[in-house]
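Protein sequence lines, in the order shown, are assigned to chains A and B.
Just so you know, we're using this note's numbering here: the first sequence kicks off at 9 and counts up by one.
Just so you know, we're using this note's numbering here: the second sequence kicks off at 471 and counts up by one.
Remarks on the structure that follows.
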Amino acid sequence: MNSDDKTLMLEIDSRLDCVALVGISIRALCLEYGADEMTAYQVQTSTVEAVNNAIIHAYSNQLGHPVWIRWSLADKRLTIQVSDEGMTMRQLPPDIEPEPDAEGGRGWWIMRQWMDSAEYMTDSGRNTLILSKSFSNKH
Amino acid sequence: MDYVVYLEPSDKIVMARVELKYLTADVAHQIFAEILQAARGTQALAIDLATVDFIDSTAIGELVFLGKKLRNGGIACTIAGLKPHLMGLVRMMRLETIMHFSEDADAGIKGLVNKLKIEMPNS
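Printed below as a string of structure tokens:
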């Protein structure tokens, strides 16, 4: 790891009222390390969507389970990993734009629109969604 | 997350002023259910979201659900005061094709009054 690389680990309980705090923290970190306002907002939103998914879908909205958020920055490339030990997604949502009157199904679409990549993996009972974005990208 | 919904009812238009910064999955359902309840029996609803800095997709889904309920009930609605970055999200979702958005609460109320040809509240 390069000495200029930065990493922060956060852990929250699987409660939706904790998620805004994660978003606030991620946005502040992005701004501190060179992201512009729009990029920081897009990363904040994508992270909140990822954490919401872990709580709502992986843990079925049950309290008392851990959600881990790992923020790291190396060479202006931001990576955010959101991990849970809940139910594994068997299939990723299709990469199609939701209809305007859809009441759900926007989270993954937002992440795919605003991050450079969104990858999901499972290892030893732990599910991880990896979001990445270059700070030098034009939005 | 604490929030306050100020309701200014009249027999024709309900003004719902939502005071919170983060309109997210933990509170959205409760807030919009409260607003829907207050709007029953009126002709129009203006929802002022000027204090909101952040909206997640769950809250957007709840807003869409509210919009459908209002349309089915024949109640006109406008969403007022969204900040520019949130309007960007609205446009990306093409929500402007199914809901009405106003620059601020005053413009929203005036628009509803003109649309429905009713008197301004408190006039």
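Beta carbons are placed, not taken as given, at the ideal position from N, Cα and C, and that holds for glycine.
Keep in mind it's a predicted model, so treat the numbers as computed, not measured.
- The continuous alpha helix (DSSP H) containing Val560(B) extends over residues 554-562.
- Between Asn69(A) and Ser22(A), the alpha-carbon positions lie close to 7 Å from each other.
- For Cys38(A), the enclosing alpha helix (DSSP H) starts and ends at 27-40.
- When DSSP states are grouped into helix, strand and coil, Lys538(B) belongs to the helix group.
- Counting along the chain, the unbroken alpha helix (DSSP H) around Tyr49(A) starts and ends at 45-61.
- Residue-level contact check: Asp109(A) touches chain B, since one or more beta carbons of chain B fall below 8 Å from its beta carbon.
- Ranked by Cα distance from Val27(A), the options Pro101(A), Glu107(A), Ile118(A), Thr53(A) are led by Thr53(A).
- Apart from sequence neighbours up to five positions away, the residues of its chain that approach Pro106(A) with a beta-carbon distance below 7 Å are Gly113, Arg114, Trp117, ordered along the chain.
- With 16 or more neighbouring CB atoms inside 10 Å of its own CB, Ser527(B) falls in the buried class.
- Around the Cβ of Ser125(A), a 10 Å sphere holds fewer than 16 other Cβ atoms; the residue is exposed.
- For the stretch 529-540 of chain B, the set of residues with a beta-carbon nearer than 9 Å to any beta-carbon of chain A comprises Ile530, Gly531, Glu532, Val534, Phe535, Gly537, Lys538, in chain order.
- Interface flag for Ser480(B) against chain A is unset, since no Cβ pair is found closer than 8 Å.
- Beta-bridge partners of Thr15(A) (DSSP): Ser80(A).
- With contacts defined as CB atoms closer than 8 Å, Val51(A) and Leu18(A) fail to qualify as a contacting pair.
- Contact with chain A is absent for Ala546(B), since none of that chain's Cβ atoms lies less than 8 Å from the residue's Cβ.
- In this structure, the CA atom of Ser572(B) is about 6 Å from the CA atom of Thr548(B).
- Residue-level contact check: Leu519(B) does not touch chain A, since none of the beta carbons of chain A fall below 8 Å from its beta carbon.
- Per the C-alpha coordinates, the member of Tyr67(A), Asn61(A), Glu57(A) positioned closest to Ile525(B) is Glu57(A).
- With respect to the 8 Å criterion, Leu16(A) and Leu37(A) are classified as neighbours on the basis of their beta carbons.
- Contact between the stretch 479-489 of chain B and the stretch 129-146 of chain A is not established, with fewer than three Cβ pairs separated by less than 8 Å.
- Against chain B, a Cβ distance below 7 Å from Glu57(A) picks out Asp526, Ser527.
- Tyr128(A) is bridged by DSSP to Leu137(A).
- Residues of the stretch 558-583 of chain B with a C-beta atom less than 9 Å from some C-beta of chain A are Gly558, Leu559, Met562, Met563, Arg564, Leu565, Glu566, Thr567, Ile568, Met569, listed in chain order.
- Not a single CB atom of chain B sits nearer than 8 Å to the CB of Ile88(A).
- Measuring C-alpha to C-alpha distances from Val534(B) to each of Glu93(A), Glu111(A), Asn60(A) identifies Glu111(A) as the nearest.
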